[in-house]
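Chains A and B supply the protein sequences, listed in that same order.
Under our numbering, the first residue of the first sequence carries the number 10, and numbering increases by one thereafter.
Under our numbering, the first residue of the second sequence carries the number 10, and numbering increases by one thereafter.
Glycine included, each C-beta is placed from N, C-alpha and C at the ideal position.
In this text the structure is predicted, and so the values were computed from the model without any measurement.
Here is the structure we will look at.
Number of protein chains: 2
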Amino acid sequence: MRDMHSPSEQDYIQQLSIDCVIFGYQDSQLSVLVPKLNFKGDFWALPSGFIYQNEGIDEAARRILETRTGIKDIYLEQFRVFGNAPRSNITFLERLIQLNEDTLGDQRFNRREFDWITRRFVSIGYYALVDISKVVPQKTEIDESIDWYPVRALPAMIMDHAEMVQSALHTLQLNLDEKLIAFNLLPELFTMRELQELYESIFDRAFPRNNFQKKILDLNVLERLEKKFTGAANKAPFLYRFRRENV
Amino acid sequence: MRDMHSPSEQDYIQQLSIDCVIFGYQDSQLSVLVPKLNFKGDFWALPSGFIYQNEGIDEAARRILETRTGIKDIYLEQFRVFGNAPRSNITFLERLIQLNEDTLGDQRFNRREFDWITRRFVSIGYYALVDISKVVPQKTEIDESIDWYPVRALPAMIMDHAEMVQSALHTLQLNLDEKLIAFNLLPELFTMRELQELYESIFDRAFPRNNFQKKILDLNVLERLEKKFTGAANKAPFLYRFRRENV
DNA sequence: ATTTATTGTCTCAAATATAGACAATATTAC
DNA sequence: GTAATATTGTCTATATTTGAGACAATAAAT
């Protein structure tokens, strides 16, 4: 069976995949870009892909991310490898096959096309931070749709993909201040409140407004611009920009 | 070429390996267990291995570590995946082949036997913390010898293995207090000074004695035992034991 | 002009980290 | 035996960081 791959599959490293947790921020919520699989039954899976023989793993992750988001220069980082022996959730597989018996017999869907679901895979988890307003989510042929879901209200994910998101979120929390990466989730200009709400959605807890502002300004990585006239009945907040040169 | 593997190699996941940075502590120095390859020329490589088809990656790492150290219940943790496209250092490979032309033609050494050096591999890095006094380093057939080297005075390592050690050390530093794992590097009983010297060798800097002791005791994870009479001309230090039940 | 909501910043208290000091003690030197 | 010496365990005082409360500034609505 292992020797029956089509030539194109031979270009990839076998049994190794990359799964991407793409974080974006919208409507005061940290969200993840998740495609729905084009099978009967409701199955959601993280955007994933494989590694070409002459391609580095970071390079491959970048390629996959660019394909899915339509943007370049994405902040991304490896966070963990998932490689338990029985990664493939049996219940999930049985349900999928049962629900799709007819389609799987179809010539358009030979077994090879969802081989990646049935074989044992080790997967490298990457998380990415994107400015959601710049992203144009791209379906692939195996997707029915692709949408943003709040990180704490994900649809039913296949296999260990829900655990992957949790692990990615945890790594993001650990790295957020250390690596000054929150700004990748915001548009170029933002107010202090917007930044604070982003932090609050990432850590799922409130921060005192006065001290949050102090902490952030003390980092000395923000550039204060003109005020933003919101039209609201109050003092207008400043706009800030992240000074990338200082990192 | 890829289809010419021997049956036994087919039991492994292809092109995926595990490299282990095994940390131990001896003579006030943080050290790493490194085998020397059984080739002409001086080549050192991290202990490594492959993953069976029905084996989890953590499981595989544990097996490799147990084989190399002769002990069980080892603390280990994934720290990063190394998968740049040109991982194999060209200079290194050329030198190795040049120096070993005769042996490589020998029937005992068909190409398959160091296939793992020439093919493109993605490697999962694990670091392990062991009580060096319990370890009996085990050579494998591809090793000439295996020894402990101070982490800051390693021999010339092949490919990116030196970078792997640095990356493992960095992760260890980040996790040390958070996960309370330093004690895995010490024998069951130790003095405060021994613990402090361990910390100093890990971070490569001095800590003030008074505050270090306070910080550690405030963690509330140590059990103080009777004093240790060293025979030195001074007050005898207490012995401590790590209370594993509290973690 | 007054009210209301929110922003930016200040001050003070609490908690934590760092530095200095000294008594306790096990040996060696006398 | 007594003094000297080296190292340990701990205390106190100071500096720094963190957290809570307060209040003036301001943009619009009343």
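Cutoff 8 angstroms: residue i Cβ touching any chain B Cβ
i, result
"residue 131(A)", "yes"
"residue 68(A)", "yes"
"residue 87(A)", "yes"
"residue 93(A)", "yes"
"residue 83(A)", "no"
"residue 106(A)", "no"
"residue 211(A)", "no"
"residue 22(A)", "yes"
"residue 14(A)", "At residue 14(A) the pLDDT is 43, less than 50, meaning the model places this residue with poor confidence; the figure from the coordinates comes in the next sentence. Not one chain B Cβ lies under 8 angstroms of residue 14(A)."
Cβ separation of residue i and residue j, assumed to be a contact under 8 angstroms, to the nearest whole Å
i, j, result
"residue 166(B)", "residue 28(B)", "With a Cβ gap of about 10 angstroms, residue 166(B) and residue 28(B) do not count as contacting."
"residue 190(B)", "residue 84(B)", "6 angstroms"
"residue 32(B)", "residue 25(B)", "Contact flag wrong, Cβ pair sits at about 23 angstroms."
"residue 148(B)", "residue 44(B)", "7 angstroms"
"residue 133(B)", "residue 66(B)", "6 angstroms"
"residue 136(B)", "residue 177(B)", "4 angstroms"
"residue 105(A)", "residue 48(A)", "6 angstroms"
"residue 80(A)", "residue 58(A)", "In fact, because the Cβ distance is near 16 angstroms, the residues do not count as touching under 8 angstroms."
"residue 185(A)", "residue 211(A)", "6 angstroms"
"residue 23(A)", "residue 23(B)", "5 angstroms"
"residue 155(B)", "residue 34(B)", "Not quite, the Cβ-Cβ distance comes to about 17 angstroms (not below 8 angstroms), so this is no contact."
"residue 236(B)", "residue 245(B)", "4 angstroms"
Min CB distance residue i to chain A below 8 angstroms
i, result
"residue 90(B)", "yes"
"residue 25(B)", "yes"
"residue 28(B)", "no"
Counted within 10 angstroms of its Cβ, other Cβ atoms place residue i as buried (16 or more) or exposed
i, result
"residue 54(A)", "buried"
"residue 112(A)", "exposed"
"residue 69(B)", "buried"
"residue 228(B)", "exposed"
"residue 206(B)", "buried"
"residue 103(B)", "exposed"
"residue 139(A)", "buried"
"residue 145(A)", "exposed"
"residue 76(B)", "exposed"
"residue 213(A)", "exposed"
"residue 51(B)", "exposed"
"residue 225(A)", "buried"
"residue 169(B)", "buried"
"residue 247(B)", "exposed"
"residue 56(B)", "buried"
"residue 78(A)", "buried"
"residue 92(A)", "buried"
"residue 109(A)", "buried"
"residue 183(B)", "exposed"
"residue 89(B)", "buried"
"residue 232(B)", "exposed"
"residue 234(A)", "exposed"
"residue 71(A)", "buried"
"residue 187(A)", "exposed"
Given a limit of 9 angstroms on CB to CB distance, which residues of the region 50–74 of chain A reach chain B? Here the close residues are 60, 61, 62, 63, 64, 65, 66, 67, 68, 69.
May I ask you to list, following chain order, the residues of the region 179–204 of chain A that have a beta carbon less than 7 angstroms from some beta carbon of chain B? Interface annotation for the region 179–204 of chain A against chain B: empty, criterion Cβ-Cβ distance under 7 angstroms.
For the structure I just gave you, are there three or more beta carbon pairs, one from the region 242–254 of chain A and one from the region 191–200 of chain A, closer than 8 angstroms? Proximity of the region 242–254 of chain A to the region 191–200 of chain A meets the contact definition, three or more beta-carbon pairs being nearer than 8 angstroms.
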